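K.L.:
Structure incoming, see below.
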Amino acid sequence: AQKITQTQPGMFVQEKEAVTLDCTYDTSDQSYGLFWYKQPSSGEMIFLIYQGSYDEQNATEGRYSLNFQKARKSANLVISASQLGDSAMYFCAMRERNTDKLIFGTGTRLQVFP
Amino acid sequence: DAGITQSPRHKVTETGTPVTLRCHQTENHRYMYWYRQDPGHGLRLIHYSYGVKDTDKGEVSDGYSVSRSKTEDFLLTLESATSSQTSVYFCAIRDRLEQETQYFGPGTRLLVL
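Taken in order, these protein sequences are the chains called D and B. The first sequence: position 20 = 20 (my numbering), numbered continuously. The second sequence: position 57 = 171 (my numbering), numbered continuously.
Here it is in C-alpha cells:
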C-alpha cells in the first residue's frame, strides 16, 4: 500500500539558514507524483512544489527545492534562506498516476526563529 | 487562486443531525475532492468526483455521502453526524492546466457535540 512517512514532527531553524524536511514514500508503482504543501497557522493548504517520478532534475520553485532520490524513495523539501513567514506545518504527499488520490504524511512543524 | 470557496467556514452541530458542507468553484474544474484533517493523520480522502454525477469513495468514506449535480458544486453530507466526524474538512480541485496538482479551499471547521 502507498505510504508517506515524515519522521520529524518538529524542526527549528534560524532565520536566513537553510532547512531540510524529510519525506520518504512507499509505492509499487513506477509512475507517481510527489508534492509538498504548507499549512500556516491560519489553516489554508498552500501548494509549494511538485516532482514527477520520471523527472530527471530536481524540482525548484524559488526558495523551495525538492531533493528527489528515487532509489532511496525520498523526496525531501529544502527551504533556502528561511524567513519568519516560513513557520508552518509542511506536508508531503504522493499521487499515483493511475489513481486520483493524494496520500499525505502526518506533517512536520517548522519554526523559524530570529 | 483556484477560485474555491467552502461554506460554512465554521459549524457546530449535535450528534445525530444531518450536515451538508458545500464546495463551490468558479473555474470549471472537472475533478473535485473532499478531505478531512485530524491531528496525527494528515489529510485523508473522503470522496472525489470526476465530473457531474460521477463520484467515487476515498479512504475514509464511511458515514459520508457526496453529490455533484453541477460542475461548480460538490456537496459533502454527513447523514447523521457523530463526534468522530469533528474535523477540519477541505475541498480540493485538480487544475486542468496543471494536471497533477490539487489546490485546496480554505477549509470548514466542524464540531459535533
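Every residue, glycine too, gets a C-beta built ideally from N, C-alpha and C. Fair warning: this is a prediction, and the values are worked out from it, not measured in the lab.
Between the beta-carbon of E15 (chain D) and the beta-carbon of S82 (chain D), is there less than 8 Å?
P.N.:
For E15 (chain D) and S82 (chain D), yes; Cβs fall inside 8 Å.
K.L.:
Mind listing which residues of the segment 188-214 of chain B have their C-beta closer than 9 Å to chain D's C-betas, in chain order?
P.N.:
Within the segment 188-214 of chain B, the residues whose Cβ lies closer than 9 Å to some Cβ of chain D are V202, F204, A206, R208, E212 and E214, listed in chain order.
K.L.:
Give the single residue among D:I46, D:L66 and D:E61 whose Cα lies nearest to the Cα of T24 (chain D).
P.N.:
Minimum Cα distance to T24 (chain D) is reached at D:L66.
K.L.:
Excluding the five sequence neighbours on either side, which residues of its own chain have a C-beta within less than 6 Å of the C-beta of T191 (chain B), listed in chain order?
P.N.:
So the qualifying residues of the chain are T134 and S179.
K.L.:
Which word fits V112 (chain D), buried or exposed, when buried means at least 16 other C-beta atoms lie within 10 angstroms of its C-beta?
P.N.:
Buried: at least 16 other Cβ atoms inside 10 Å.
K.L.:
Excluding the five sequence neighbours on either side, which residues of its own chain have a C-beta within less than 6 Å of the C-beta of D26 (chain D), listed in chain order?
P.N.:
Once the five neighbours on either side are set aside, the close Cβ partners of D26 (chain D) are K3.
K.L.:
Let me check one thing: in DSSP terms, what residues is N76 (chain D) bridge-paired to?
P.N.:
Paired residues: D:N67.
K.L.:
Excluding five sequence neighbours on each side, which residues of the same chain lie with their C-beta closer than 6 Å to the C-beta of R223 (chain B)?
P.N.:
Here the set comprises H124 and V202.
K.L.:
Go ahead and pull the three-state DSSP assignment for D152 (chain B).
P.N.:
Strand at D152 (chain B).
K.L.:
Do R150 (chain B) and T169 (chain B) come within 8 Å of each other at the CB atom, strictly closer than that value?
P.N.:
No; because the gap between Cβ atoms is not below 8 Å, this pair is not in contact.
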